[in-house]
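One structure below.
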Amino acid sequence: MALDLPTLTLLLPLQLLALAAVLPVLTGWRGSPALRWAQASLWAHFGGWIFLLLGERVAPVFGLTLSYFLVGLSLVLCLRALQGWLGGRPGMRWAWALLALEPPLLLLGAEQPLIRQGAANAWLALLQALLLLGLAWRTPRAPETSPRWRAVMAAPLALLFLMTLWRAGTGLLEPALYPSLRSDSLFARAYLLVALLGASLGAMAYLAAWRGEAEGRLRHQAKTDSLTQLANRRAFDQRGNEMISVARRHREPLAVMLLDVDHFSQVNNLHGHARGDEALGLLARLLRAAVRPGDCAARLAGEEFAVLLNRSEGEGVTALDRRLRSSLAEHAEKELGFPIDYSAGWALLRPGDRHVEDMLRRADAGLYTAKHGGRGRLCAEPGLLPEDA
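Number 373 in UniProt numbering belongs to position 373 of the sequence shown; there are no gaps in the numbering.
In structure tokens form, the structure reads like this:
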């Protein structure tokens, strides 16, 4: 097949149509919100080239306006997809605002070459620049694999940006030299080839981003308790051993609090297992709100929870216990229709502790004391010195 201008002009929308149709087949019809934004971007890009091809024959001004608008919309939707995969992107609001400027700009000034050729391409180049900024912007939330697929997407986009910027500059300053995509020039063919490459690599990047998102979700599920969304026992043990190493390295205190819902079997018997699950969910939510950044809260099993408190001794544990009991007294009756309480034991990191299990064993002894002392209370591990408690 000869790579002449008519062939390339026809091939690009056909490729975009194929990519937009195949992407949900490969990823499943119920994709993530970010993936749906990406799919919408492909459809908008396809629509933009269709109106560029057909619009001039039916309604030149309207067709050109809609063509530019849909291509610009595809860039904004792509930026929105990046925000779903990578976290907040700079320029998102500016992108939507710029998108709204295009219809009146071209509808009112399409007959003027300065607007049709210069300003329209400058507008498109600005949107491309915002998308490039979104690809380059680094955030802690971004997956470790994202630099690779972001680079794959950014390379052809950067070329398109430079070529669009050139079209804008010539359209504004030297209209006679303006490189139209309808002229069978080397520039027009190069532009369409880069656009074809960008569409293919962009779809590949979408697939890589979706795969990274799916893998991240699986990793999260492997470390998260499904009922409470707290860390599970495996994640707690791993995080606990890391916190022990850090505490030892910096010679800082570390405390663990082990708590168990009082008379939970009676809650299930009287109110049903569904209400029992709601009670655990409420306790988990209030516990998550009560702990500090850097602490680790987990559901270990059944109605048993644990919290690792960084840089904390007895005062920190007691303060957490007060906050949690106060929140529970305020919300339980209102949200569940019945009160719930818990017993808790706590322990400090000792020189002989090798694993978090060593701390939990002593905290469990404190929990045993709390339960046999009337429940609904916090007790320290046996043998703790008064100055530590």
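Idealized CB from N, CA, C, for every residue including glycine.
Burial state of residue i, where buried means 16 or more other Cβ atoms lie within 10 Å
i           : result
LEU124      : buried
residue 394 : A question about residue 394 goes unanswered here, because the residues of the chain that appear run from 1 up to 389.
LEU385      : Confidence at LEU385 is low in this model, with a pLDDT of 49, below 50, so the placement of that residue should be treated as unreliable; the coordinate-derived value is given next. Answer is exposed; the Cβ neighbour count stays below 16.
PHE161      : buried
SER41       : buried
THR185      : The amino acid occupying residue 185 in the given sequence is Ser; Thr does not appear at that position. By the 10 Å Cβ count, SER185 comes out exposed.
GLY276      : buried
ASP260      : buried
GLU303      : buried
GLU215      : exposed
ALA21       : exposed
GLU102      : buried
ALA274      : exposed
Integer Cβ distance of residue i from residue j, believed to fall under 8 Å
i      : j      : result
LEU75  : LEU131 : 5 Å
LEU108 : ALA120 : Going by Cβ atoms, the distance from LEU108 to ALA120 rounds to 12 Å, so no, they are not a contact pair.
ARG116 : LEU64  : 7 Å
ALA95  : LEU114 : About 24 Å; that fails the 8 Å criterion.
ALA235 : ALA298 : 7 Å
LEU201 : MET153 : 6 Å
LEU254 : LEU308 : 7 Å
TRP37  : ALA81  : 4 Å
LEU196 : LEU11  : 7 Å
Distance between residue j and residue i (C-alpha atoms, nearest Å)
i           : j      : result
residue 399 : GLY87  : One cannot answer for residue 399 here, as it falls past the ends of the chain, which runs 1 to 389.
ARG251      : ILE244 : 10 Å
MET257      : HIS331 : 22 Å
residue 397 : LEU320 : Residue 397 lies beyond the residue range present for the chain, which begins at 1 and ends at 389; the question has no answer from this structure.
LEU230      : VAL356 : 17 Å
THR224      : ALA129 : 38 Å
GLU387      : LEU133 : Because GLU387 carries a pLDDT of 45, less than 50, the predicted location of this residue cannot be relied on, and the following value inherits that uncertainty. Distance between the alpha carbons of GLU387 and LEU133: 55 Å.
residue 390 : LEU16  : What is shown of the chain runs 1 to 389, which leaves residue 390 out entirely.
ARG311      : PRO339 : 32 Å
LEU8        : PHE187 : 12 Å
ARG248      : HIS372 : 33 Å
ILE50       : SER67  : 8 Å
LEU26       : ALA136 : 27 Å
PRO90       : ARG292 : 29 Å
ALA34       : LEU227 : 25 Å
LEU349      : GLU278 : 33 Å
Residue-level contact to chain D via CB, residue i, 8 Å cutoff
i      : result
ARG377 : Of the protein chains in the structure, only one exists, and it is not chain D.
Limits of the unbroken beta strand (DSSP E) element including residue i
i           : result
GLY294      : From DSSP, GLY294 is part of no beta strand (DSSP E); its letter is neither H nor E.
residue 414 : As displayed, the chain neither begins before 1 nor continues past 389, which places residue 414 out of reach and without an answer.
Proximity test, residue i beta-carbon vs the ligand SAM heavy atom, cut-off 7 Å
i      : result
VAL246 : What this structure holds is no ligand at all, so the ligand SAM is not there to describe.
Run of the alpha helix (DSSP H) containing residue i, from where it starts to where it stops
i      : result
GLY272 : Premise fails: GLY272 is in no alpha helix (DSSP H) and is neither H nor E.
SER200 : 186-223
Counting Cβ pairs closer than 8 Å, one from the region 44-51 and one from the region 69-79, do we hit at least three? yes
Indicate whether the contact test is met: 3 or more Cβ pairs, each with one atom in the region 338-356 and one in the region 374-383, closer than 8 Å. yes
Pair every Cβ in the region 322-336 with every Cβ in the region 280-291, then say whether three or more of these pairs are closer than 8 Å. yes
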